[in-house]
Amino acid sequence: MTEQAIELADEASMVAFGESLAALAQGGGVIFLHGNLGMGKTTLCRGVLHGYGHTGAVKSPTYTLVEPYETSKGRVYHFDLYRLSDPEELEYLGIRDYFDDESLSLIEWPERGTGVLPQADLEISIERAGAGRRLSWQYNTEKGRKLADKLSEVRVILP
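Residue numbers in the sequence shown follow the numbering used here, run continuously in steps of one, and reach 166 at the last position.
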């Protein structure tokens with residue numbers, strides 16, 4: 008599987024890319040988001056949620072671990088596992104109930120849930136690239152392959 012990537016200049020580009028991702032991810036799936044603190048994982052999630060039609064604020068669920076969103080285009084779960092001390096804590100959260108074929112799950116810091124989380128359809132890594140960010144992705148499932156192929160055609164157009 009070939010890694011694909013795009014460089015984004017700023018926060019507005021990250022949100023626009025997230026909106027494009029939302030349009031392509033209709034129908035659900037599991038997306039892992041990798042990157043150090045401050046790389047823009049939550050900003051990307053904000054773009055996805057805007058793309059799903061959410062108009063309110065999007066905050067990082069660092070303390071609650073998950074923030075559910077019911078939108079006109081479907082259900083989105085935004086997970087932030089940064090403060091998770093043991094993957095087994097996810098069992099107490101009822102983690103398995105969140106994953107179904109219709110919901111989109113965006114998971115920040117997925118490595119902290121290793122052994123409990125389902126396999127990701129798509130994994131996106133974010134790293135610094137000059138003043139902007141470089142996003143690279145790879146797929147793990149057939150659903151992820153289709154999404155990755157479509158994502159490779161995305162060109163971020165800013166308003």
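Ideal Cβ positions, reconstructed from N, Cα and C, are used throughout, including at glycine.
Residues bridged to residue i [DSSP beta-bridge criterion]
i: Gln33; result: BP columns for Gln33 are empty, so no partner.
i: Thr78; result: Gly81
i: Phe39; result: Ile114, Glu130
Top-ranked residue by Cα proximity to residue i, from the options
i: Ile114; options: Gly101, Glu98, Val73; result: Val73
i: Ala16; options: Asp128, Asp87, Ala138, Lys80; result: Ala138
i: Leu51; options: Glu77, Glu160, Ser112; result: Ser112
i: Ser110; options: Leu124, His85, Arg90; result: His85
i: Gly63; options: Ser92, Thr78, Val37; result: Thr78
i: Tyr89; options: Pro75, Glu118, Val65, Asp107; result: Glu118
i: Asp104; options: Ser92, Pro125, Leu91, Thr148; result: Pro125
i: Glu96; options: Gly81, Pro75, Val123, Asp108; result: Val123
i: Ile102; options: Ala136, Thr71, Gly81; result: Thr71
i: Val161; options: Ser92, Thr69, Trp144; result: Trp144
i: His61; options: Lys80, Ala155, Gly45, Asn43; result: Lys80
i: Leu174; options: Thr69, Gly34, Val65; result: This structure leaves residue 174 out entirely; the chain is present only between 8 and 166.
i: Phe106; options: Leu154, Glu10, Gly34; result: Gly34
Cutoff 8 Å; reference residue i; Cβ partners in own chain excluding five residues on either side
i: Thr121; result: Pro94
i: Leu165; result: Note on Leu165: pLDDT 47, under 50, position unreliable in the model; the coordinate value appears next. Taken in chain order, the residues that qualify are Ala19, Ser20, Ala23.
Boundaries of the beta strand (DSSP E) in which residue i is found, first to last residue
i: Val87; result: What sits at residue 87 in the sequence shown is Asp, not Val. Element bounds for Asp87: 81-87.
i: Leu142; result: 139-146
Sequence-distant residues of its chain with Cβ nearer than 6 Å to residue i (five each side left out)
i: Glu134; result: Arg141
i: Ala29; result: Val55, Gly58, Tyr59
i: Arg152; result: Tyr146
i: Gly47; result: Met21, Ile133, Arg140
i: Glu26; result: Gly54, His57, Gly58
i: Lys157; result: Leu31
i: Ala127; result: Val37, Phe39, Asn147
Assumed close pair residue i, residue j - CB separation to whole angstroms, cut-off 8 Å
i: His57; j: Val22; result: 7 Å
i: Leu31; j: Ile131; result: With 8 Å as the limit, Leu31 and Ile131 do not qualify as a contact, their Cβ atoms being about 12 Å apart.
i: Leu129; j: Ile38; result: 5 Å
Opening and closing residue of the alpha helix (DSSP H) in which residue i lies
i: Glu149; result: 149-158
i: Arg53; result: 48-58
i: Leu15; result: Note, Leu15: premise wrong, no alpha helix (DSSP H); beta strand (DSSP E) at 11-15.
i: Tyr99; result: 96-99
Own chain residues within Cβ distance below 7 Å of residue i, not counting five before or after
i: Ser67; result: Thr49, Asp87
Chain D contact for residue i (CB, 9 Å cutoff)
i: Arg53; result: This model lacks chain D altogether; it includes just one protein chain.
Residue i beta carbon near the ligand COA (any heavy atom closer than 8 Å)
i: Pro117; result: The ligand COA is not part of this structure, which contains no ligands at all.
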